[in-house]
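Some notes on the structure that comes next.
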Amino acid sequence: DGLTQAEYEMEQSRRDGCGWQKKGQREAAFPLRLLEKVLHINVESAEAWDARARREVLGLMLKRELNKRQPREEEECKRINRHLASHFASLALPLFLRCGARSGQ
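In my numbering, the protein residues as written are 92 to 196.
In C-alpha cells form, the structure reads like this:
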C-alpha cells in the first residue's frame, strides 16, 4: 500500500486517514520530471557494470540466454518496455493526479 511504518501506525491507531494524508504530503515532493524518464524506459539501452552482467539481466527479463541476437529479441524488449512503463505509470498515477490537479496541469 506504500505507507511507511510510521504512516501505517498512524492509520492503525487513529483510523481517520491521517496516515494516508502523510503519505500524500511525502509524495507531493516527488519530482514529476522523473516520471517521464521511466515512462520512456528502454531495457536495451540499460547499463550494467560489465557486458556479461548486462546480458544476464536482459536474458532473465527475456527468460532465455542471450548469446547472440535473435530475431524476436527487439520485439520482446519492446514488450518488456511497455510492461515496465505501464507498471510505473499505474504506481505514479495517484501522485500525478494530485500534483497535476494542484498545479493546474
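Note that CB positions come from ideal geometry on N, CA and C, so glycine has one too.
On a predicted model such as this, the values are computed, not experimentally measured, just so you know.
Outcome for residue i when other beta-carbon atoms lying within 10 angstroms are tallied against a minimum of 16
| i | result |
| --- | --- |
| G108 | exposed |
| E102 | buried |
| L184 | exposed |
| L149 | buried |
Assumed close pair residue i, residue j - CB separation to whole angstroms, cut-off 8 Å
| i | j | result |
| --- | --- | --- |
| V129 | A176 | 7 Å |
| C168 | E138 | Wrong, their Cβ atoms sit about 15 Å apart, outside the cutoff. |
| L125 | F187 | Not confirmed; about 11 Å, so no contact. |
Closest by C-alpha distance to residue i, when choosing among the options
| i | options | result |
| --- | --- | --- |
| L94 | K113, S104 and R105 | K113 |
| H131 | R170, L188 and L186 | R170 |
| W111 | F121, Y99 and R146 | Y99 |
Residue i (DSSP reduced to helix, strand or coil)
| i | result |
| --- | --- |
| F121 | coil |
| L130 | helix |
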